[in-house]
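Asker: Going down the list, the protein sequences come from chains P and W. FYI, this note's numbering numbers position 51 of the first sequence as 51, with every residue one higher than the one before it. In this note's numbering, each number is its position in the second sequence, counted from 1, plus 321. Glycine is no exception: its CB is placed at the ideal position from the N, C-alpha and C atoms. This structure is a prediction, so every number in the text was calculated from the model and none was measured. Below is one structure. I have some questions about it.
There are 2 protein chains.
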Amino acid sequence: MTHTALGEGREFDRVRAIARTLGDRARGLGDDCALLTPAEGQLVVSTDVSVEAVHFRLEWMDHQEIGWRAAAAALSDLAAEGAEPAGLLAAVVVPASGADQELTALMSGVGAAADSVGAQVIGGDLASGPSWTIAVTVLGWTTRPVGRSGARPGDGLWVTGALGGARAALAAWRRGDEPSPEARAAFVRPEPRVAAGRWLAAHGAHAMIDLSDGLGGDAPHLAAASSVSLDLTLDALPIAPGAADEARRAGTAVETFAAEGGEDYELLVALPPGFGEPDRLEFERECGLALGRIGTVGQGRGVHAHLLGAPVALTGYRHFA
Amino acid sequence: MTHTALGEGREFDRVRAIARTLGDRARGLGDDCALLTPAEGQLVVSTDVSVEAVHFRLEWMDHQEIGWRAAAAALSDLAAEGAEPAGLLAAVVVPASGADQELTALMSGVGAAADSVGAQVIGGDLASGPSWTIAVTVLGWTTRPVGRSGARPGDGLWVTGALGGARAALAAWRRGDEPSPEARAAFVRPEPRVAAGRWLAAHGAHAMIDLSDGLGGDAPHLAAASSVSLDLTLDALPIAPGAADEARRAGTAVETFAAEGGEDYELLVALPPGFGEPDRLEFERECGLALGRIGTVGQGRGVHAHLLGAPVALTGYRHFA
Chain P
1 MTHTALGEGR EFDRVRAIAR TLGDRARGLG DDCALLTPAE GQLVVSTDVS
51 VEAVHFRLEW MDHQEIGWRA AAAALSDLAA EGAEPAGLLA AVVVPASGAD
101 QELTALMSGV GAAADSVGAQ VIGGDLASGP SWTIAVTVLG WTTRPVGRSG
151 ARPGDGLWVT GALGGARAAL AAWRRGDEPS PEARAAFVRP EPRVAAGRWL
201 AAHGAHAMID LSDGLGGDAP HLAAASSVSL DLTLDALPIA PGAADEARRA
251 GTAVETFAAE GGEDYELLVA LPPGFGEPDR LEFERECGLA LGRIGTVGQG
301 RGVHAHLLGA PVALTGYRHF A
Chain W
322 MTHTALGEGR EFDRVRAIAR TLGDRARGLG DDCALLTPAE GQLVVSTDVS
372 VEAVHFRLEW MDHQEIGWRA AAAALSDLAA EGAEPAGLLA AVVVPASGAD
422 QELTALMSGV GAAADSVGAQ VIGGDLASGP SWTIAVTVLG WTTRPVGRSG
472 ARPGDGLWVT GALGGARAAL AAWRRGDEPS PEARAAFVRP EPRVAAGRWL
522 AAHGAHAMID LSDGLGGDAP HLAAASSVSL DLTLDALPIA PGAADEARRA
572 GTAVETFAAE GGEDYELLVA LPPGFGEPDR LEFERECGLA LGRIGTVGQG
622 RGVHAHLLGA PVALTGYRHF A
């Protein structure tokens, strides 16, 4: 059980309720500082903020899902570094209308996401404010940080899972419809690809980035950081269930729809030229996740995407507010 | 100079502008993750969120001061652990009305506070939202974490600096007046007591807490965590300039006014009984900061404060919203 020997007061009652709900998924809540004993390698740390009406709407998802998604988005950054998560801290701004049980549910979602990758909730902060805001800071360790800057001409470009699911859910909601269950799950319960990221780091990944802003938004960062060009064959893009329907309604090719959709939190990875079909099969077997080749690293600059042989200018994903 | 090889877009222009402004006070901005090589001892981490209209108002302070104060409040938690700061991450929510130069000024305040204690800005996140919100996560290292739970009966209770300055500023602003320069400085530019915290940890501190919620708010946490009573002689409280005037206007004894005022970010520390006047003088000489004895740790429970021989029931500090 967590140590929560705190004085009296509503904020501290809330901290105690969160600690009770999280049980073993948390430790040290109520202290101003969390302590962590270093594992082997370097500390990897990242922070990610989710804001009501910008990153999510309360009409679309419950508080537990909001918490999961906020934590998963932050953990996804550790995944792209090939790091092993250790702990996270959540600073939560609660609106005046926010009920204690909504906050507890949100934190149980945060705790579940942490637990799903072997991490604990080790700290946080609570404040009042105009709307729900969750800033999650994640901490992990790695002996081989991957980063964005190591892609080399000739590397293969690969992507985990499938793209466009979260965008499909968003498109349905904005139209006033319910998304398909698969699309909804892609948005409200993205899986941080921690095991995949660690596998890829251990198998020679030169560079990785998580697709929070979509392939169109994030591929340019990897190209810029590595001083290379990325040549993408969108025809090969793995498409999430539900994306085809929404792309049709939007009058967009489903590949473009998926490439420009954000918040799928899949990994884009540059792997050495020798990484081939046997390696791909081993990845899929060990990680229980698809891995698809979508392009090649070149000697130029920028991102060059093609679909049916014609160039496509991809744009990044923008939040809806 | 920091590595900011990012793709195009307004968010990334803002990150580049922040990296330019911070110069050597930042590193690695623009990457999703920051890397930190472990120093000796344990990692100490803490997160602290500041919300416009809850923790500060734009009418009272400029953006650089808002940034300094948000970072100093978080660094104060490291000070109370006796830790050496290494880096910090700042997740900033910018309102639609927020100008690029306001964000840059805010981050220059964050960077100045980090720099003042030998730390760098190593990461962050930007989002849009309803009002300015800054979640600062601080990272440091310590071989001797102090914590709140080690106070023992017979220990002396001491406080750094002087109390009541930040509350005096707040009282003046809320009345529509300008605070005195000293009171204003206490509120907008609190000094995280990092050097003092490290000195006290190295000289045998049994327990420490920073007075973010005031002596009335934070002393009960130290008492609860250590399972002791704290017997406080408020007559001995060091009083900040400007507090006397405001206490008089409020019709409160200045000692109570100072004990119940928050956000001074001084340290309350339990030191072994043998810590005496020569040690106090050495602290003041080496840290350039006052240290005053204000009470004794007892065998009971809770906080027992006296003023002029009569018991005083202290309440904690509440934010104004």
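Which of the three DSSP states, helix, strand or coil, is assigned to P:L163?
Answerer: The answer is strand: DSSP assigns P:L163 an E or B state.
Asker: Answer yes or no: do P:A72 and P:A39 have a C-beta to C-beta separation smaller than 7 Å?
Answerer: Taking 7 Å as the Cβ cut-off, P:A72 and P:A39 do not qualify as a contacting pair.
Asker: So what's W:P406 in DSSP terms, helix, strand or just coil?
Answerer: Note: W:P406 maps to strand in three-state DSSP.
Asker: In chain P, what lies closer than 7 Å to W:Q363 by C-beta?
Answerer: Here the neighbours are L35, L36 and T37.
Asker: Confirm, please, whether the CB-CB distance from P:D31 to W:D369 is below 7 Å.
Answerer: For W:D369 and P:D31, no; Cβs fall outside 7 Å.
Asker: What first and last residue would you give for the beta strand (DSSP E) that runs through W:H627?
Answerer: Its beta strand (DSSP E) spans residues G623 to L628.
Asker: In chain W, which residues lie less than 8 Å from P:G292 when you measure between Cβ atoms?
Answerer: Within 8 Å Cβ-Cβ: nothing; P:G292 doesn't reach chain W, min ~22 Å.
Asker: Assess contact between the segment 310-317 of chain P and the segment 414-434 of chain W, defined as three or more Cβ pairs (one per stretch) separated by less than 8 Å. Is contact present?
Answerer: The segment 310-317 of chain P vs the segment 414-434 of chain W: no contact.
Asker: Which residues in the same chain as P:I66 place their Cβ atom closer than 6 Å to its Cβ, once the five residues preceding and following it in sequence are excluded?
Answerer: The answer, listed in chain order, is F56 and L106.
Asker: Compare the C-beta of W:T368 with all C-beta atoms of chain P and state if any pair is closer than 7 Å.
Answerer: Yes, W:T368 lies at the interface with chain P (some Cβ there is under 7 Å from its Cβ).
Asker: So who's on the other strand from P:I134, going by DSSP bridges?
Answerer: Partner(s): P:S50 and P:V92.
Asker: Closest by CA to P:V136, which one among W:C354, W:A579 and W:S533?
Answerer: Of W:C354, W:A579 and W:S533, the residue nearest in Cα terms is W:C354.
Asker: Does chain W have any CB closer than 7 Å to the CB of P:G82?
Answerer: Not closer than 7 Å to any Cβ of chain W, the Cβ of P:G82 fails to qualify, so no.
Asker: Quick check on the DSSP output: the alpha helix (DSSP H) that includes W:V509 runs from which residue to which?
Answerer: Looking at the DSSP string, the run of the alpha helix (DSSP H) that includes W:V509 is P502 to V509.
Asker: Using beta-carbon positions only, say whether W:R465 and W:A522 come within less than 7 Å of one another.
Answerer: Yes, Cβ-Cβ distance for W:R465 and W:A522 is below 7 Å.
Asker: Taking only beta-carbon positions, decide if P:S108 is within less than 7 Å of chain W.
Answerer: So no, P:S108 is outside the interface.
Asker: Does the segment 544-554 of chain W touch the segment 595-607 of chain W, meaning 3 or more C-beta pairs lie closer than 8 Å?
Answerer: These segments do not touch.
Asker: Of the residues W:G477, W:A571 and W:A411, which one's Cα is nearest the Cα of W:L553?
Answerer: Taking only the C-alpha atoms, the option nearest W:L553 is W:G477.
Asker: To the nearest angstrom, how far is it from the Cα of W:L536 to the Cα of P:G242?
Answerer: The straight-line gap from Cα to Cα measures roughly 56 Å.
Asker: Find the residues of chain W that neighbour P:D340, judging by a C-beta separation of less than 7 Å, and give them in chain order.
Answerer: Absent from the structure is residue 340 of chain P, since the part of chain P shown begins at 1 and ends at 321.
Asker: Check W:A489 in the structure and name its three-state DSSP category.
Answerer: Note: W:A489 maps to helix in three-state DSSP.
Asker: With DSSP as the reference, identify every bridge partner of P:R293, one or two as the case may be.
Answerer: Paired residues: P:W158.
Asker: Given that P:A166 touches chain W, what residues does it touch there, using C-beta distances under 8 Å?
Answerer: Simply none; closest approach about 17 Å.
Asker: Using a Cβ distance threshold of 8 Å, determine whether the segment 478-492 of chain W contacts the segment 577-585 of chain W, with at least three qualifying pairs required.
Answerer: They touch, by the three-pair rule.
Asker: Checking contacts by CB at 7 Å: is P:A91 closer than that to chain W?
Answerer: So, interface residue.
Asker: Tell me whether W:S501 is buried or exposed, calling it buried when 16 or more other Cβ atoms sit within 10 Å of its Cβ.
Answerer: Under this definition W:S501 is a buried residue.
Asker: Can you pull the chain P neighbours of W:T454, defined as C-beta to C-beta under 7 Å?
Answerer: V93, G129 and T133, listed in chain order.
Asker: Looking at C-alpha atoms only, which residue of P:A151, P:S131, P:G309 and P:T252 is the closest neighbour of P:A99?
Answerer: Minimum Cα distance to P:A99 is reached at P:S131.
Asker: Under 7 Å, Cβ to Cβ, is there at least one residue of chain P near W:P513?
Answerer: By this cut-off, W:P513 is not an interface position.
Asker: Do W:R514 and W:T463 have their CB atoms nearer than 7 Å?
Answerer: For W:R514 and W:T463, no; Cβs fall outside 7 Å.
Asker: Start and end of the alpha helix (DSSP H) containing W:Q620?
Answerer: Note, W:Q620: premise wrong, no alpha helix (DSSP H); not H, not E.
Asker: Spell out a yes or no on whether the segment 466-474 of chain W and the segment 611-628 of chain W are touching, meaning 3 or more CB-CB pairs, one atom from each, closer than 8 Å.
Answerer: Yes, since at least three Cβ pairs between the segment 466-474 of chain W and the segment 611-628 of chain W fall closer than 8 Å, the two stretches touch.
Asker: Along chain W, in chain order, which residues have C-beta atoms closer than 7 Å to that of P:T137?
Answerer: By Cβ distance, chain W contributes T368, L410 and T458.
Asker: What alpha helix (DSSP H) runs, 4 residues minimum, are completely inside the segment 177-251 of chain P?
Answerer: Correct list: 181-188, 194-202, 214-226 and 243-250.
Asker: Given 6 Å as the limit, tell me if P:P181 has its C-beta closer than that to any heavy atom belonging to the ligand ATP.
Answerer: The ligand ATP is not part of the structure shown, which contains no ligands of any sort.
Asker: Among W:W389, W:A568 and W:T342, which one has its Cα closest to the Cα of W:R510?
Answerer: When only C-alpha atoms are compared, the closest one is W:W389.
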